[in-house]
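Number of protein chains: 2
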Amino acid sequence: MKSVATREDVQDRILDAVDRLLASRGYKKMTIDELAQEVGIGKGTVYLHFRSKEDLALSHIDRIVFRLLVKLQMVAHGEGTAADRLRQMLVLRVLHRFDSVQHYTSSMSDLLAAVRPAFLKRRERHFELEARVFAEVIEDGCARGELSVAAPPTAARSLVLATNSMLPYSLSAAELGRRKDVERETSRIAELCLVGLLARRGA
Amino acid sequence: MKSVATREDVQDRILDAVDRLLASRGYKKMTIDELAQEVGIGKGTVYLHFRSKEDLALSHIDRIVFRLLVKLQMVAHGEGTAADRLRQMLVLRVLHRFDSVQHYTSSMSDLLAAVRPAFLKRRERHFELEARVFAEVIEDGCARGELSVAAPPTAARSLVLATNSMLPYSLSAAELGRRKDVERETSRIAELCLVGLLARRGA
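Heads up: the protein sequence lines correspond to chains F and W, in order.
Per my numbering, the first sequence starts with residue 1, numbered consecutively.
Per my numbering, the second sequence starts with residue 204, numbered consecutively.
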């Protein structure tokens, strides 16, 4: 058992508390005082790790995506055909985000409106990072002769964009609909897109 | 030449003015007084046609989509293979909306936040109406042996959802990017999805 909390442990505990407060109070009403109290540390310690409330919110969103990237990598290097893995990854990128915010009672709109310009920039970066993992699997599929794709990075980006409409962006989870509906719709989009990548027999 | 303005003419003139005011002032700052003045009619005449400011905004959005539906129908019943028409329609549904709001200097966020619940309901309805036109073309393509689709309405909905991420929803046109980038990305998504609908030779 570790007796000394590492820097990462403290940051994780702070972001866990951000998640709870965003769920119960929403971004606007969340204060750093309340956050410090929730974690059981001083306000100064919060500022040692995060510059501002905006930085906390953006780091919280980053953490959701970084955890997703780990899961995507696991599927990418796992079993199955390239198409199977891509299908799983497309559904995963949507449901991971759905599950990460589904306990938020209010819409994420106030959070996103508050951190908008910085968020849009990071969001573009998140999509790029995801697309790279998809491109790896597409390249692998081409190498195995399962897929036939002229430009894997372009196809990877299109797969990401095609499923972006299913992400909880400014919709709350409640507005987005039920998890199983989101899953079914995303699976259908994935199915449709992936047929376009398959190697043609005899082509 | 018509000497008497019809009900539709007046409504169209009012909505044209709504469009100009949304572009120059934004939803929050727009007033019915200003609107009546812009059209050159009395405030009472505005209320004869529209119940409220919210009704004006929603009717304006409806008009954008109804005009799109007319264009989609024209392409749907036009020349070319089913895949060609579907591809054109997918790009059209994105660019028509892009062009309809690209002159708005501020983000549409304040408009959409103000009319949110009613807007989300209509938006779902808009997608349904669009999907029906797509389903018609898919059925036509199947009848001609060009496409092979088990459930045209389901495939139509997936095509609509797959390109929804390219719509200016809460992004302003500026945030969404340049028109030619939107066009290119949408074309790629369309390309990817449509291969999945093509009839397999010898299948």
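Cβ coordinates follow ideal geometry from the N, Cα and C atoms, glycine included.
All figures in this text were calculated on a predicted structure; none of them were measured in a lab.
DSSP-derived helix/strand/coil call for residue i
i: residue 370(W); result: coil
i: residue 197(F); result: coil
i: residue 389(W); result: helix
For residue i, the nearest candidate out of the options (CA to CA)
i: residue 125(F); options: 160(F), 92(F) and 44(F); result: 160(F)
i: residue 188(F); options: 88(F), 75(F), 52(F) and 17(F); result: 88(F)
i: residue 35(F); options: 182(F), 48(F), 14(F) and 118(F); result: 14(F)
i: residue 273(W); options: 248(W), 247(W), 333(W) and 317(W); result: 333(W)
i: residue 96(F); options: 186(F), 192(F), 37(F) and 196(F); result: 186(F)
i: residue 162(F); options: 44(F), 16(F), 45(F) and 86(F); result: 86(F)
i: residue 154(F); options: 144(F), 143(F) and 139(F); result: 139(F)
i: residue 94(F); options: 141(F), 41(F) and 67(F); result: 67(F)
i: residue 396(W); options: 382(W), 383(W), 371(W) and 352(W); result: 352(W)
i: residue 268(W); options: 248(W), 331(W), 281(W) and 279(W); result: 331(W)
i: residue 344(W); options: 244(W), 232(W) and 282(W); result: 282(W)
i: residue 123(F); options: 29(F), 179(F), 41(F) and 168(F); result: 168(F)
Residues near residue i by beta carbon distance below 8 Å, same chain, minus five either side
i: residue 146(F); result: 81, 82, 83, 198 and 199
i: residue 314(W); result: 225, 229, 230 and 260
i: residue 7(F); result: 49
i: residue 17(F); result: 35, 38 and 39
Own chain, CB closer than 6 Å to residue i, minus 5 neighbours either side, in chain order
i: residue 23(F); result: 103 and 104
i: residue 72(F); result: 89 and 133
Inter-residue spacing [alpha-carbon to alpha-carbon] between residue i and residue j
i: residue 320(W); j: residue 166(F); result: 18 Å
i: residue 39(F); j: residue 55(F); result: 17 Å
i: residue 183(F); j: residue 256(W); result: 37 Å
i: residue 157(F); j: residue 317(W); result: 33 Å
i: residue 177(F); j: residue 19(F); result: 21 Å
i: residue 152(F); j: residue 10(F); result: 39 Å
i: residue 180(F); j: residue 248(W); result: 47 Å
i: residue 119(F); j: residue 322(W); result: 24 Å
i: residue 74(F); j: residue 196(F); result: 24 Å
i: residue 91(F); j: residue 394(W); result: 20 Å
i: residue 205(F); j: residue 41(F); result: Residue 205(F) is absent from the structure shown; chain F starts at 1 and stops at 203.
Cβ shell of residue i (< 7 Å), same chain only, five flanking positions each side left out
i: residue 246(W); result: 235, 236 and 239
i: residue 144(F); result: 82
Query raised in the report: Is the stretch 81 to 100 of chain F close to the stretch 61 to 73 of chain F, with three or more CB pairs under 8 Å?
Result: yes
Report task. Please confirm if the stretch 242 to 261 of chain W is in contact with the stretch 331 to 350 of chain W, defined as three or more CB-CB distances below 8 Å between the two stretches. Result -> no
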